[in-house]
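Undergrad: Counted the way my numbering counts, the sequence shown spans residues 892 to 1057.
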Amino acid sequence: MPLPVDEPPAAGSAPRAGLHHLAVETADLDNCVAWYTDFFRGIATWTLDTFSDLTRDRLPGITRLTEVAAVGMRFHLFTRSAAYSLPHPDTFQFQHVCMAAATAEELRAWRDRWQRLFASGRYVFARPEPSTEIVVDSDGVSSFYAYDVNGLEYEFTHIPVEAEGR
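#1: Any idea what DSSP makes of ARG1007, helix, strand or coil?
#2: According to the neighbour-count rule (16 or more other Cβ atoms, all chains shown, within 10 Å of its Cβ), is THR936 buried or exposed?
#3: Can you give me the Cβ contacts of GLU1053 inside the same chain, cut-off strictly under 7 Å, excluding the 5 residues immediately before and after it?
#4: Under 8 Å between the Cβ atoms of LEU1008 and PHE942?
#5: Would you list, in sequence order, the uninterrupted alpha helix (DSSP H) runs of no fewer than 4 residues that lie entirely inside the stretch 924-996?
#6: Should LEU968 and TYR927 be called a contact, given that it needs their Cβ atoms to be closer than 8 Å?
#7: For the beta strand (DSSP E) that TYR1014 lies in, which residues bound it at each end?
#8: Go ahead and pull the three-state DSSP assignment for ALA1037.
#9: Residues in its own chain within less than 7 Å of GLY924 by CB, not counting five upstream and five downstream?
#10: Can you give the beta carbon distance from TYR1036 to PHE1016, rounded, assuming they're within the 8 Å contact cut?
#11: Among GLN1006, GLU1055 and TYR1014, which residue has its Cα nearest to the Cα of ALA993?
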């Protein structure tokens, strides 16, 4: 039986892990960093161009990595040398990442922000598709989907109190 989120694990039980960062490979690091800092209102906290043996083994050809801190998360945005090609945007690396909005108004603000940045012409999108409309499920959960500049899909959702735990 899983532990409630606010209850610490008992002594001797397996530690729980939390999300530290989401790593995103990109062909254009400057474009990607600009989009993540603008859209998520984040800040670039550091950049690396030298890497450990472990990192070079896991990500052959890595050339630069910048961390963007935003919305209580960290995004590790990185690029590789030309010898390593990105997967086509239609090739799934994962299906999507879901970001929670505290209120329905905040959800609308995220979608409006995405729409403004998409329409601004300041970014190159691998999948230049508009975001979806906000939909509301039968239990009151509302959400929309949109792609980042690399073609990675994000869901933004608001789960009202009465639908929590579903």
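Glycine residues also receive a C-beta, built at the ideal position from the N, C-alpha and C atoms.
TA: According to the structure shown:
#1: Locating residue 1007 in the sequence shown gives position 116, counting from the first residue. Helix.
#2: Within the sequence shown, the letter at position 45 stands for residue 936. Classification for THR936: exposed.
#3: Here residue 1053 refers to the residue found at position 162 when the sequence shown is read from its first residue. Hits under 7 Å: GLY1031.
#4: As a first step, residue 1008 is located in the sequence shown; it is residue number 117 there, counting from the start. As a first step, residue 942 is located in the sequence shown; it is residue number 51 there, counting from the start. No, these two residues do not count as a Cβ contact at 8 Å.
#5: 944-949
#6: For the purposes of this step, residue 968 is identified with residue 77 of the sequence shown, where counting begins at 1. For the purposes of this step, residue 927 is identified with residue 36 of the sequence shown, where counting begins at 1. Yes. Within cutoff.
#7: For this step, residue 1014 is matched to residue 123 along the sequence shown. Taken as a continuous stretch (DSSP letters only), TYR1014 belongs to no beta strand (DSSP E), as it is neither H nor E.
#8: The count along the sequence shown starts at 1 and reaches residue 1037 at position 146. Here ALA1037 sits in strand by DSSP.
#9: Within the sequence shown, residue 924 is the residue found at index 33, counting from 1. According to the sequence shown, residue 924 is Val rather than Gly. Closer than 7 Å at Cβ, skipping near neighbours: ALA935, THR957, VAL959 and LEU968.
#10: Locating residue 1036 in the sequence shown gives position 145, counting from the first residue. Locating residue 1016 in the sequence shown gives position 125, counting from the first residue. Not a contact, Cβ separation roughly 14 Å.
#11: As a first step, residue 993 must be located in the sequence shown, where it is residue number 102. Here the closest residue by C-alpha is GLU1055.
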